[in-house]
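Trainee:
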Amino acid sequence: MALANTLTNFIPTLYAARDIVSRELVGLIGAVTIDSDSARAALNQTVRIHVVPAMASVNITPAMTPPTPNGVTLGGVDMSITKSKAVQIPWSGEEEQSITENGPGIDNVLRDEVAQALRTLTNEVEADLAATYSSFSRSYGTAAQTPFATDLSDPANLRKILDDNGAPASDRQLVINTTAGAKLRTLAQLTKVNEAGTDQVQQRGELINLHGFAIRESAAIATPTKGTGSLYTSDTTGYAVGSTSITLITGTGTILAGDFVTFAGDTNKYIVKTGVAAAGVLVLQEPGLRVALAASAVALTVGGTSAQNMAFQRSSLILLARAPYLPGNRDMATDRTMLTDPVSKLSFEVARYDGYHAHFLEISLAWGVKCVIPRHTAILLG
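Position one of the sequence shown corresponds to residue 1 (the working numbering), numbered consecutively onward.
1. What does the alpha-carbon distance come out to for the pair L121 and V241?
2. By Cβ distance below 6 angstroms, which residues in the same chain neighbour G227 in space, the five residues on each side in sequence not counted?
3. Specify the secondary structure class of A311 as computed by DSSP and reduced to three states.
4. What would DSSP say about E206, mapped onto helix, strand or coil?
5. So, helix, strand or coil for S134, using DSSP?
6. Would a C-beta distance cut-off of 9 angstroms place I208 and I215 closer than the cut-off?
7. Could you check which residue in V47, V276, F10 has the C-alpha nearest to that of V372?
8. Which value, in whole angstroms, describes the spacing of the CA atoms of G197 and G304?
9. Work out the CA separation of T225 and A144 for me, nearest whole Å.
10. Which residue's Cα is closest to the Cα of I246: K269, L380, V283?
11. Is N268 helix, strand or coil when you go by DSSP?
12. Only counting the same chain, and skipping five residues up and downstream in sequence, which positions put a Cβ closer than 8 angstroms to that of D154?
13. Going by beta-carbon coordinates alone, are A264 and H211 separated by less than 9 angstroms?
14. Considering S153, what are the terminal residues of the alpha helix (DSSP H) in which it resides?
15. Considering only their Cβ atoms, is the gap separating A41 from H376 smaller than 9 angstroms?
16. To the nearest angstrom, report how far apart V175 and I363 are at their CA atoms.
17. Let me know if H359 comes out buried or exposed under the rule of 16 or more other beta-carbons within 10 Å of its beta-carbon.
18. Measure the alpha-carbon distance for L159 versus A127 and round it to whole angstroms.
19. For the alpha helix (DSSP H) containing L43, name the first residue and the last one.
20. For G216, list the residues DSSP reports as bridge partners.
21. Short check: CB of T385 to CB of G288, under 9 angstroms?
22. Quick one, are the C-beta atoms of N268 and V298 less than 9 angstroms apart?
23. How about Y232 and G251: do their beta carbons lie closer than 9 angstroms?
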């Protein structure tokens, strides 16, 4: 049974495939801001995401004429759609006939192929979002130790970081890997209905909101290898609270972007924005130091390799996603339609291209990701 020249009769198969992949653990996609307006930009075209800076107050001085207000210089973060990708599913007439007459049927096979195509693209978007961990502000927890060991202090301390950084209290997200999710589901205070106030965890295994965070799981949470840096110290300049650029005068090995570091006498775990491979200037993610560094050589320690579970206010992570653009709004496809995944909320384009004794389906998406407000983010080590 050959497919018709339009995708109309194929829609039920597409939606069956959508239902198969919509249960993938892609918690980050559902947790971030999906910017449909900025997504109109072309591939690699710069998009400016505005960020309003802190504003100073002024003294009120009575007068017969209004004062000239201080100007406000809007900040911004540049991002772009960096990927335009597709998964192609080719079929020849002979292959279709063989599957239809002596196999499971073309509709069943195509359903599973489309499901895998959607899974491939969705998981790549999820992995790109997970890779933004290196732009987060600070870390909490113990490297290589699964969080939620005995209690719910981990999200409470993540909340403290976001509160101290001035993040909005609404729409906060905590996306964890399945190891942390499994540990969370074993906590007695969540599995005992009389303590949790719900059977959501005990009976259905669903994660509930904790300390203002919507808890989600992702299969893409990164566990990057830390740098090799050791025996680094700051110089003797001294650095005030809020400083982000710290000059290191001794030490060897690499400190990588995304590593977390601590300074002697300060328990805060700062995430590195720009690392070093020798003595030089180390740059921390905003908002920088929470405790001033003394005007002496202060020892720095590079944290260990750890899972990067991600806590953030939704608007701090942006996903631009759309169908790839076509020249003159058309190409050689004989038909195309859009398919929206109800869980990730991503819309994929499905197109059919006909050739000589063969055709192929193409499932495609263009996207870009960015952490635009690092101070509204934090990492839960695991």
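Cβ atoms here follow ideal geometry from the backbone N, Cα and C, with glycine treated the same way. This structure is a prediction, so every number in the text was calculated from the model and none was measured.
Mentor: So, to answer that:
1. Locating residue 121 in the sequence shown gives position 121, where the first residue counts as 1. Locating residue 241 in the sequence shown gives position 241, where the first residue counts as 1. Taking the straight line joining both Cα atoms gives about 42 angstroms.
2. For this step, residue 227 is matched to residue 227 along the sequence shown. Correct list, in chain order: T254, I255, L256, D259, V302.
3. Walking along the sequence shown from the start, residue 311 turns up at place 311. Looking at A311 - three-state DSSP - the assignment turns out to be strand.
4. Looking up residue 206 in the sequence shown gives position 206. Summary for E206: the model assigns pLDDT 49, below 50, so the residue's position carries little reliability; its value from the coordinates is reported in the next sentence. For E206, the three-state secondary structure derived from DSSP is coil.
5. Working through the sequence shown from its first residue, we reach residue 134 at position 134. In the structure shown, S134 sits in a helix (DSSP, three-state: H, G or I).
6. If you number the sequence shown from 1, residue 208 lands on position 208. If you number the sequence shown from 1, residue 215 lands on position 215. In this structure, I215 lies closer than 9 angstroms to I208 by Cβ.
7. Taking the sequence shown and counting its residues from 1, one reaches residue 372 at position 372. Out of V47, V276, F10, V47 has the C-alpha closest to the C-alpha of V372.
8. By 1-based counting over the sequence shown, the position of residue 197 is 197. By 1-based counting over the sequence shown, the position of residue 304 is 304. Confidence at G197 is low in this model, with a pLDDT of 49, below 50, so its placement is unreliable and no value can be given for it.
9. Taking the sequence shown and counting its residues from 1, one reaches residue 144 at position 144. Taking the sequence shown and counting its residues from 1, one reaches residue 225 at position 225. The alpha-carbon atoms of A144 and T225 are separated by roughly 11 angstroms.
10. The count along the sequence shown starts at 1 and reaches residue 246 at position 246. Considering only K269, L380, V283, the residue with the shortest C-alpha distance to I246 is V283.
11. The residue you call residue 268 lines up with position 268 of the sequence shown. Strand at N268.
12. Residue numbering aside, residue 154 sits at position 154 when the sequence shown is read from its first letter. Correct list, in chain order: Y140, G141, P147, F148, L380.
13. Counted from its first residue, the sequence shown places residue 264 at position 264. Counted from its first residue, the sequence shown places residue 211 at position 211. When the beta-carbon positions are compared, A264 and H211 stay at least 9 angstroms from each other.
14. Along the sequence shown, one-based indexing puts residue 153 at 153. 153 to 164 is the span of the alpha helix (DSSP H), which, as asked, contains S153.
15. On the sequence shown, residue 376 is found 376 positions in, with the first residue counted as 1. On the sequence shown, residue 41 is found 41 positions in, with the first residue counted as 1. It is not a contact, given that the beta carbons lie outside the stated cut-off.
16. If you number the sequence shown from 1, residue 175 lands on position 175. If you number the sequence shown from 1, residue 363 lands on position 363. The C-alpha of V175 lies about 27 angstroms from the C-alpha of I363.
17. One-based indexing of the sequence shown puts residue 359 at position 359. The residue is buried, with at least 16 neighbouring Cβ atoms inside 10 Å.
18. As a working note, residue 159 is residue 159 in the sequence shown. As a working note, residue 127 is residue 127 in the sequence shown. Checking the displayed sequence, the identity of residue 159 turns out to be Arg instead of Leu. When the Cα atoms are used, R159 and A127 turn out to be separated by approximately 24 angstroms.
19. For the purposes of this step, residue 43 is taken as the residue at position 43 of the sequence shown. No alpha helix (DSSP H) holds L43; DSSP gives it neither H nor E.
20. If you number the sequence shown from 1, residue 216 lands on position 216. The sequence given here has Arg at residue 216, not Gly. DSSP, once it has assigned bridges, lists V175 as partnering R216.
21. Summary: the structure shown does not reach residue 385, with the chain confined to residues 1 through 382, and so no result is reported for it.
22. As a position in the sequence shown, residue 268 is number 268, starting the count at 1. As a position in the sequence shown, residue 298 is number 298, starting the count at 1. No, they are not a contact pair.
23. The residue you call residue 232 lines up with position 232 of the sequence shown. The residue you call residue 251 lines up with position 251 of the sequence shown. Cβ distance < 9 angstroms, so Y232 and G251 count as in contact.
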